[in-house]
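Working notes, structure below.
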Amino acid sequence: MWTPPVSVHTADAPAHSAFVRLTHWITTASVAALIISGIAILIAHPRLYWGETGTVGAPSLIDLPLPFVLTGQTGWGRHLHFLAAWMLVVTGAAYLTYGIVVGHFVRDVLPSRADLSRESIASSVSTHTRFEIGRDQNVATYNVVQRLTYCLVIFVLFPLMIWTGLAMAPAVTSVAPIVVTTFGGHQSARTIHFVVAFALVVFIVVHVVMVCVTGFGRRMRAMTVGGRSRSTDI
Amino acid sequence: MSGLLTRRRLIATGITAAVGASGLAAAARIAKRYGLIPPDHSGIYGVGNTLTYASQRILTANHSRAREFSRSEISTIAPVNGGPPESEEYERLGSDTFRDWRLTVDGLVARPTTFSLSELRRFPQRSQITAHACEEGWSFIAQWTGVPLSTVLDYVGIAPAARFVVLVPFDQYWDSIDMADAAHPQTLLAYGMNGTDLPADHGAPLRIRVERQLGYKSIKYLKRLTVVDSLEHVRNGLGSLSPDIGYSWYAGI
Numbered sequence: 001m002w003t004p005p006v007s008v009h010t011a012d013a014p015a016h017s018a019f020v021r022l023t024h025w026i027t028t029a030s031v032a033a034l035i036i037s038g039i040a041i042l043i044a045h046p047r048l049y050w051g052e053t054g055t056v057g058a059p060s061l062i063d064l065p066l067p068f069v070l071t072g073q074t075g076w077g078r079h080l081h082f083l084a085a086w087m088l089v090v091t092g093a094a095y096l097t098y099g100i101v102v103g104h105f106v107r108d109v110l111p112s113r114a115d116l117s118r119e120s121i122a123s124s125v126s127t128h129t130r131f132e133i134g135r136d137q138n139v140a141t142y143n144v145v146q147r148l149t150y151c152l153v154i155f156v157l158f159p160l161m162i163w164t165g166l167a168m169a170p171a172v173t174s175v176a177p178i179v180v181t182t183f184g185g186h187q188s189a190r191t192i193h194f195v196v197a198f199a200l201v202v203f204i205v206v207h208v209v210m211v212c213v214t215g216f217g218r219r220m221r222a223m224t225v226g227g228r229s230r231s232t233d234i
Numbered sequence: 235m236s237g238l239l240t241r242r243r244l245i246a247t248g249i250t251a252a253v254g255a256s257g258l259a260a261a262a263r264i265a266k267r268y269g270l271i272p273p274d275h276s277g278i279y280g281v282g283n284t285l286t287y288a289s290q291r292i293l294t295a296n297h298s299r300a301r302e303f304s305r306s307e308i309s310t311i312a313p314v315n316g317g318p319p320e321s322e323e324y325e326r327l328g329s330d331t332f333r334d335w336r337l338t339v340d341g342l343v344a345r346p347t348t349f350s351l352s353e354l355r356r357f358p359q360r361s362q363i364t365a366h367a368c369e370e371g372w373s374f375i376a377q378w379t380g381v382p383l384s385t386v387l388d389y390v391g392i393a394p395a396a397r398f399v400v401l402v403p404f405d406q407y408w409d410s411i412d413m414a415d416a417a418h419p420q421t422l423l424a425y426g427m428n429g430t431d432l433p434a435d436h437g438a439p440l441r442i443r444v445e446r447q448l449g450y451k452s453i454k455y456l457k458r459l460t461v462v463d464s465l466e467h468v469r470n471g472l473g474s475l476s477p478d479i480g481y482s483w484y485a486g487i
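Residue numbers (my numbering), protein chains in the order written: chain A, 1 to 234; chain B, 235 to 487.
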């Protein structure tokens, strides 16, 4: 069995605050439900279009190599999708408020000016591509690649998912047509919804792989019981 | 120090939870009073249904209008799911260009009335070019022509207690809409599509257009509208066939 190397970090505070740990797992559950139900909805019509309208027989943008599965799939899929979307939106709003008020974003997520230098990014990227991060256990904070990735996920991908989701809601666009016209139409919003969802799935896969590579037990303790990133778990 | 912090945090969490719980209870009372609870509010999925319905009813309270499009945007392909009803009654009426077809409007109204197609055509008509989005994912744009439901409801005189209009078609897909949609200026009893009579596949002789909801809410092949004050005792008590087959009563999504 692979054991994580000795950590020399001696910070007093837990690696993640209770609030971050709680919202992380609610988000995890919501996103899992959204992906499963999203697939159930998608396979009712696994074709993506651009513009306002799209149907079988009309030109499509992407024909996914999936069968059309109709009966009994999208019903529960939609129910679960919208329930999970509410969980995600409420949790996300709480997390954003917390992140701003407590300074979590400034401290833990946003890269510093020094981080954003070409050399700093290049060195961090090369560390990642050589899978050397696992050996670098004595770091209490996120490196620049992590920070940029989390920024992308928190401030771009998730808001885009919610926005394109709302753009497909006829009640919402009746109040604010700009929600959908920005994307060039209902079907464009649906297509972007799928593409961004795919990007999030890629993020999740990489995220989970990195957690495994850099010490699954230690990272899981840090995100669950809130274990400190101290050298107590050699 | 760290123990003290934990206790303080525990107390804060407790207070937040208590405030949250009583806030939820108060919100539920208010929501019920203002008609923000959908008929399919029970069960775990009912939570999502209720949140969506309540928030969108507040958001759309000012009779927000569904987007309308230009003539050039009308789709050349307008798909449907399923064909016309296979009832003997429907086929008999259809074979005679629906001359003997009648729409019955009853329930909580001052003057229960039956309308022939030509009587409905005599009301001031409205045309609108809107998108029909199916919950499966496909969509098309078409022009719909008909009489606003509100015009017909004004004619029969609805009682102050009216809360929903139950839509009864020739097939099994019965449904209902609340007064916010029933009184909405774009909610049409449509007898025309793209400049012709409503085609059989699209709901001849009469369908409803509920433009701020997904396509499945725009019930086809209508024969009766019943105004009610509650959906509790109407058929399954869930306001529609949809919840029986896994879909929400409200489809504003």
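We treat Cβ as the ideally placed atom computed from N, Cα and C, and that holds for glycine.
Problem set entry | Between the CA atoms of B/Arg336 and B/Arg446 - distance to the nearest angstrom | Here the question's residue 446 of chain B lines up with position 212 in the second sequence. Here the question's residue 336 of chain B lines up with position 102 in the second sequence. B/Arg446 and B/Arg336: Cα-Cα distance of roughly 27 Å.
Exercise. Who are A/Asp63's beta bridge partners in DSSP?
Worked result: Here residue 63 of chain A is taken as the residue at index 63 of the first sequence, counted from 1. In the DSSP output, where bridge partners are listed per residue, A/Asp63 has A/Arg47.
Exercise. Within 10 angstroms of its Cβ, does B/Thr379 collect 16 or more other Cβ (buried), or is it exposed?
Worked result: Here residue 379 of chain B corresponds to residue number 145 of the second sequence, with the count starting at 1. Buried, because 16 or more other Cβ atoms sit within 10 Å of the Cβ of B/Thr379.
Exercise. Using a C-beta to C-beta distance shorter than 7 Å, which residues of chain A count as neighbours of B/Ile245?
Worked result: In the second sequence, residue 245 of chain B corresponds to position 11, counting from 1. By Cβ distance, chain A contributes nothing, its closest Cβ being about 13 Å from B/Ile245, past 7 Å.
Exercise. Using CA coordinates, which residue listed in A/Trp163, A/Thr191, A/Val206 and A/Val195 is at the minimum distance from A/Phe131?
Worked result: By 1-based counting over the first sequence, the position of residue 131 of chain A is 131. The shortest C-alpha separation from A/Phe131 is found at A/Val206.
Problem set entry | Selection from A/Thr173, A/Phe155 and A/Ser112 that minimises the alpha carbon distance to A/Asn143 | As a position in the first sequence, residue 143 of chain A is number 143, starting the count at 1. Cα-wise, what sits closest to A/Asn143 is A/Ser112.
For this session: Go ahead and pull the three-state DSSP assignment for A/Ile121.
Result: Here residue 121 of chain A refers to the residue found at position 121 when the first sequence is read from its first residue. Correct three-state label for A/Ile121: helix.
Exercise. Along chain A, which residues have their Cβ under 8 Å away from the Cβ of B/Leu448?
Worked result: As a first step, residue 448 of chain B is located in the second sequence; it is residue number 214 there, counting from the start. Ordered by position in chain A, the residues that pass the 8 Å Cβ test against B/Leu448 are Pro170.
For this session: Rounded to whole angstroms, what's the CA-CA distance from A/Asp233 to A/Ile36? Just pull it up for me.
Result: As a first step, residue 233 of chain A must be located in the first sequence, where it is residue number 233. As a first step, residue 36 of chain A must be located in the first sequence, where it is residue number 36. Bear in mind that a pLDDT of 39 at A/Asp233, under 50, signals an unreliable position, so the model cannot answer this.
Problem set entry | the segment 433 to 448 of chain B contacting the segment 416 to 423 of chain B, beta-carbon criterion three pairs below 8 Å | yes
Problem set entry | Exposure of B/Ser474, with buried meaning 16 or more beta-carbon neighbours within 10 Å | Within the second sequence, numbered from 1, the residue matching residue 474 of chain B stands at position 240. Looking at its Cβ environment, which holds 16 or more other Cβ atoms inside 10 Å, B/Ser474 is buried.
Exercise. What number of angstroms, rounded off, separates the C-alpha of A/Thr3 from the C-alpha of A/Gln187?
Worked result: Taking the first residue of the first sequence as 1, we reach residue 3 of chain A at position 3. Taking the first residue of the first sequence as 1, we reach residue 187 of chain A at position 187. Any reading at A/Thr3 is ruled out, since the residue's pLDDT is 48, under 50, leaving its predicted position unreliable.
Exercise. Between B/Ala252 and chain A, is there a C-beta pair that is closer than 8 Å?
Worked result: Indexing the second sequence from 1 puts residue 252 of chain B at position 18. Answer no: the Cβ-Cβ gap between B/Ala252 and chain A never drops below 8 Å.
Exercise. My guess is that B/Gly437 and B/Tyr455 are in contact by the Cβ rule of under 8 Å, so how many angstroms apart are they, rounded?
Worked result: Counting from one through the second sequence, the residue named residue 437 of chain B turns up at place 203. Counting from one through the second sequence, the residue named residue 455 of chain B turns up at place 221. Going by Cβ atoms, the distance from B/Gly437 to B/Tyr455 rounds to 5 Å, so yes, they are a contact pair.
Exercise. Cα separation between A/Thr173 and B/Tyr287?
Worked result: Within the first sequence, numbered from 1, the residue matching residue 173 of chain A stands at position 173. Within the second sequence, numbered from 1, the residue matching residue 287 of chain B stands at position 53. So the alpha carbons of these two residues sit roughly 15 Å apart.
Exercise. Checking contacts by CB at 8 Å: is A/Gln187 closer than that to chain B?
Worked result: By 1-based counting over the first sequence, the position of residue 187 of chain A is 187. Closer than 8 Å: yes.
Problem set entry | Same chain, Cβ closer than 6 Å to A/Tyr49, five either side skipped, listed in chain order | Translated into positions along the first sequence, residue 49 of chain A becomes position 49. Around A/Tyr49: Ser60, Leu61 and Gln187.
Exercise. Any beta-carbon of chain A closer than 8 Å to the one on B/Trp483?
Worked result: The sequence position of residue 483 of chain B within the second sequence is 249, counting from 1. B/Trp483 does not count as touching chain A.
Exercise. From the beta carbon of B/Tyr279, is the nearest beta carbon of chain A less than 8 Å away?
Worked result: Along the second sequence, read from residue 1 onward, the residue named residue 279 of chain B stands at position 45. True, the Cβ-Cβ gap to chain A drops below 8 Å.
Exercise. At which residue ranges does the segment 270 to 320 of chain B contain complete alpha helix (DSSP H) runs of 4 or more residues, listed in the order of the chain?
Worked result: 277 to 293
For this session: Give the DSSP bridge partners of B/Trp378, in chain order.
Result: Start at 1 with the first residue of the second sequence, and residue 378 of chain B comes out as number 144. Looking at the DSSP assignment, B/Trp378 forms a beta bridge with B/Gln362 and B/Met427.
For this session: Sort B/Gly486, B/Leu387, B/Phe303 and B/Glu325 by Cα distance to B/Ala416 and report the nearest one.
Result: Within the second sequence, the letter at position 182 stands for residue 416 of chain B. Of the candidates B/Gly486, B/Leu387, B/Phe303 and B/Glu325, the one whose C-alpha sits nearest the C-alpha of B/Ala416 is B/Leu387.
For this session: Please go through the same chain and pick out, in chain order, the residues whose beta-carbon is closer than 6 Å to the beta-carbon of B/Phe398, but skip the five residues on each side of it.
Result: Taking the first residue of the second sequence as position 1, residue 398 of chain B is located at position 164. Excluding positions up to five away in sequence, the list reads Ser410, Asp412, Val462 and Leu465.
Problem set entry | Segment limits, beta strand (DSSP E) that includes B/Thr338 | As a working note, residue 338 of chain B is residue 104 in the second sequence. Residues Leu337 to Gly341.
Exercise. With DSSP run on the structure shown, which of helix, strand or coil describes A/Val202?
Worked result: By one-based count along the first sequence, residue 202 of chain A stands at place 202. A/Val202 falls in the helix class under three-state DSSP.
For this session: Could you tell me whether the Cβ of A/Ser112 comes closer than 8 Å to any Cβ of chain B?
Result: Here the question's residue 112 of chain A lines up with position 112 in the first sequence. Not an interface residue.
Exercise. Is the CB of A/Arg219 under 8 Å away from at least one CB in chain B?
Worked result: Here residue 219 of chain A corresponds to residue number 219 of the first sequence, with the count starting at 1. No, A/Arg219 does not count as interfacial toward chain B.
Exercise. Are B/Thr338 and B/Thr348 close, meaning C-beta to C-beta below 8 Å?
Worked result: Position 104 of the second sequence holds residue 338 of chain B. Position 114 of the second sequence holds residue 348 of chain B. Going by C-beta atoms, B/Thr338 is nearer than 8 Å to B/Thr348.
Exercise. Beta-carbon of A/Ser124 versus every beta-carbon of chain B: anything under 8 Å?
Worked result: Sequence index remark: in the first sequence, residue 124 of chain A carries index 124 (1-based). No, A/Ser124 lies away from the interface with chain B (no Cβ there is under 8 Å from its Cβ).
Problem set entry | Between the CA atoms of A/Phe105 and A/Thr129 - distance to the nearest angstrom | Stepping through the first sequence from its first residue, residue 129 of chain A is reached at position 129. Stepping through the first sequence from its first residue, residue 105 of chain A is reached at position 105. Near 26 Å, if we compare the C-alpha coordinates of A/Phe105 and A/Thr129.
Problem set entry | Contact belief for B/Arg356 with B/Gly391 at Cβ below 8 Å, rounded distance in angstroms | Looking up residue 356 of chain B in the second sequence gives position 122. Looking up residue 391 of chain B in the second sequence gives position 157. Actually they are not in contact, since the Cβ atoms of B/Arg356 and B/Gly391 sit about 18 Å apart, beyond 8 Å.
For this session: Return the residue from the list A/Asp108, A/Val101, A/Arg107 and A/Gln146 that minimises the CA-CA distance to A/Ser120.
Result: Position 120 of the first sequence holds residue 120 of chain A. For A/Ser120, the nearest C-alpha among the options comes from A/Gln146.
Exercise. Using a beta-carbon distance below 8 Å, is A/Ser37 in contact with chain B?
Worked result: In the first sequence, counting from the first residue as 1, residue 37 of chain A sits at position 37. By this cut-off, A/Ser37 is not an interface position.
Exercise. Taking 8 Å as the CB-CB limit, is A/Gly227 close to chain B?
Worked result: The sequence position of residue 227 of chain A within the first sequence is 227, counting from 1. Judged by the 8 Å Cβ criterion, A/Gly227 is not in contact with chain B.
Exercise. Based on the DSSP secondary-structure assignment, which residues constitute the bridge partners of B/Thr347?
Worked result: Along the second sequence, read from residue 1 onward, the residue named residue 347 of chain B stands at position 113. Per DSSP, B/Val339.
For this session: Determine whether the Cβ of A/Ala58 lies closer than 8 Å to any Cβ atom of chain B.
Result: Start at 1 with the first residue of the first sequence, and residue 58 of chain A comes out as number 58. Cβ-Cβ to chain B under 8 Å: yes for A/Ala58.
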